[in-house]
Amino acid sequence: MENSSISNFTQIADVPDIALERILGVIGMATINFLAFWGNFINIVVIVTKPQIRHNLSNLLLLNLCFIEISAAIFLLPSAIVSYYSDSWIFGESFCALIGFLGSLFSFASIANLCVISVERFYSIRFPMHHAAHMSLTKILCMIGFVWMDSLLLSVPPLLGVNSYSFQSYKRQCSFSWGLEIMNKVYVLIVGLLCFIVPALIIFLMHWGIFRVAHKALTRINPGINRQSLQSTNHHKAIKTLSITLTAFVIFWGPYYLYHGYGAIRDRISHRHVIEVIVLWLGYCAYAMNPFLYSFLNRAIRTEVIELYKKILCCRVCIFKDESDEDEDLGDQNFIQFLEGSGSCVGMGQHRSSHSRVDSESNSIQRW
Numbered sequence: 001m002e003n004s005s006i007s008n009f010t011q012i013a014d015v016p017d018i019a020l021e022r023i024l025g026v027i028g029m030a031t032i033n034f035l036a037f038w039g040n041f042i043n044i045v046v047i048v049t050k051p052q053i054r055h056n057l058s059n060l061l062l063l064n065l066c067f068i069e070i071s072a073a074i075f076l077l078p079s080a081i082v083s084y085y086s087d088s089w090i091f092g093e094s095f096c097a098l099i100g101f102l103g104s105l106f107s108f109a110s111i112a113n114l115c116v117i118s119v120e121r122f123y124s125i126r127f128p129m130h131h132a133a134h135m136s137l138t139k140i141l142c143m144i145g146f147v148w149m150d151s152l153l154l155s156v157p158p159l160l161g162v163n164s165y166s167f168q169s170y171k172r173q174c175s176f177s178w179g180l181e182i183m184n185k186v187y188v189l190i191v192g193l194l195c196f197i198v199p200a201l202i203i204f205l206m207h208w209g210i211f212r213v214a215h216k217a218l219t220r221i222n223p224g225i226n227r228q229s230l231q232s233t234n235h236h237k238a239i240k241t242l243s244i245t246l247t248a249f250v251i252f253w254g255p256y257y258l259y260h261g262y263g264a265i266r267d268r269i270s271h272r273h274v275i276e277v278i279v280l281w282l283g284y285c286a287y288a289m290n291p292f293l294y295s296f297l298n299r300a301i302r303t304e305v306i307e308l309y310k311k312i313l314c315c316r317v318c319i320f321k322d323e324s325d326e327d328e329d330l331g332d333q334n335f336i337q338f339l340e341g342s343g344s345c346v347g348m349g350q351h352r353s354s355h356s357r358v359d360s361e362s363n364s365i366q367r368w
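Using the UniProt record's numbering, the first residue of the sequence shown is number 1, and each one after it goes up by one.
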């Protein structure tokens, strides 16, 4: 009788802890959901309403990324928050399969779009003249079409019987569910390869190529007052800036794909509630961080976003003078802004073709 009383008391004492965990979890998830919606919404408004940004074809890729991630914020994350709090799925099996499909579709599309952005940016910076002459709206639309077709091909198999989309109690979410059959394991490994390993390599190689172009542009600058110190500072800032994208991708998506890939290789996976929720929502964090990361790495979009925030907040005190950007210490500029003027520093003895190439590379990097 005493043991039964002690057990009941322990269970009652655990209830507040469980409730507190869920409340804190919901607050964190709701914050991610809000940031994902707001950040992408602001970027869409800026790109669509500002002609000088909208007419830059490369920004259509960023617009597509924002559309993917704001769709996730609207259709995917709210249901994930509800199912986490209720610890069950209350919307029916058909809607569960739809949410699972959309979860895979949006994550695959977001990752594929990041790869396309990296390749396009490398192409525009490494071969600026060829990019300016041959890049067209049709080619950009083909890239966007590739992103969606690739994502659909990877998302549809579970609807056709290769694994399934169902409510996962350990994730508290309707999502991809896989079994231990050989075909199911092969599918999991293919998804991990195409949606994490290959994209990580592409992002790394493209950004390393951009860094090499930036480094060469820096070495062409004529010596001057504090030029060596300035070059060293921007050299380090180039590495720092270019590493942000890859680091963010690995942190947000790495745990999810590596965790499930390891389970497929080992023929088993330990479904631990805390781990599953953390790795799943780390991936969802990408939807909240990408709009801020990619817009603020783009000088033109960053400027317009800041101006829009100023108008929204109506905060005259916080308005910075335009001249303040010009008076900033050059050591605090990112390497893209620094390289913007590198063309004018090229030695007068160089051939016109070399001088034009440096200017083109600098202007291309400025757009990025």
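Backbone N, C-alpha and C fix where the C-beta goes; we use that ideal spot for every residue, glycine too.
Predicted, not measured: the structure shown is a model, and the values here were computed from it.
Three-state class that DSSP yields for Ser-164 in the structure shown: DSSP, reduced to helix, strand and coil, places Ser-164 within a strand of the structure shown.
Coil, strand or helix - Ser-151 by DSSP: helix
Cα-Cα separation, Gly-261 to Ser-71: 27 Å
Pick helix, strand or coil for Cys-142, following the three-state DSSP scheme. helix
Same chain, Cβ closer than 7 Å to Arg-126, five either side skipped, listed in chain order: Gly-209, Val-213, listed in sequence order.
For Ser-175, name the three-state secondary structure that DSSP assigns. strand
Measuring alpha carbon to alpha carbon, tell me which of Asn-56, Val-279, Leu-105, Val-250 ends up nearest Asp-150. Leu-105
Starting from Val-156, follow the alpha helix (DSSP H) in both directions and report where the run begins and ends. That residue, Val-156, is in no alpha helix (DSSP H); it is neither H nor E in DSSP.
Residue from Ala-19, Leu-189, Leu-24, Ile-74 with nearest C-alpha to Phe-37: Ile-74
Taking the alpha-carbon positions, what's the Val-116 to Ile-68 distance? 14 Å
Let me know the secondary structure DSSP gives residue 448 once reduced to three states. Only positions 1 to 368 of the chain appear in the structure, and residue 448 is not among them; the question remains open.
Between Ile-265 and Val-46, which are expected to be in contact by the criterion C-beta below 8 Å, what is the C-beta distance as a whole number of angstroms? The Cβ separation is near 44 Å, so there is no contact.
Short of 8 Å in beta carbon distance, which residues of its chain neighbour Leu-20, apart from the five on each side in sequence? Order them along the chain. Closer than 8 Å at the Cβ level, and outside the excluded window around Leu-20, lies no residue.
Specify whether the region 44-64 and the region 243-257 touch according to this definition: at least 3 beta carbon pairs, one from each stretch, less than 8 Å apart. no
In whole angstroms, give me the CA-to-CA distance for Ser-58 and Pro-255. Distance between the alpha carbons of Ser-58 and Pro-255: 30 Å.
Look up Ser-58 in the DSSP assignment and say whether it is helix, strand or coil. If DSSP states are grouped into helix, strand and coil, Ser-58 belongs with coil.
Run through the region 62-98 for me and flag every whole beta strand (DSSP E) of 3 or more residues, listed as ranges in chain order. none
Got a sec, what are the start and stop residues for the alpha helix (DSSP H) Tyr-294 sits in? 273-296
Does DSSP classify Met-206 as helix, strand or coil? helix
Is the region 127-145 touching the region 181-189 in the sense that three or more CB pairs, one from each, lie closer than 8 Å? no
Once the 5 residues before and after Gln-168 are set aside, which same chain residues still bring their CB inside 7 Å of it? Ser-175, Ser-177
Measure the C-alpha to C-alpha separation of Gly-331 and His-215 and round it to an integer number of angstroms. Confidence is the limiting factor: at Gly-331 the pLDDT is only 44, short of 50, which leaves the residue's position unreliable, though a coordinate-based value still follows. Roughly 16 Å between the two C-alpha positions.
Tell me whether Arg-22 sits in a helix, a strand or coil according to DSSP, three-state version. If DSSP states are grouped into helix, strand and coil, Arg-22 belongs with the helices.
Check Glu-181 in the structure and name its three-state DSSP category. Three-state result, Glu-181: coil.
By the 10 Å Cβ neighbour count, where 16 or more other Cβ atoms means buried, how is Ala-133 classified, buried or exposed? exposed
Could you name the residues of the same chain whose beta carbon sits closer than 6 Å to that of Ala-288, not counting the 5 residues immediately before and after it, in chain order? Ile-32, Leu-35, Ala-36
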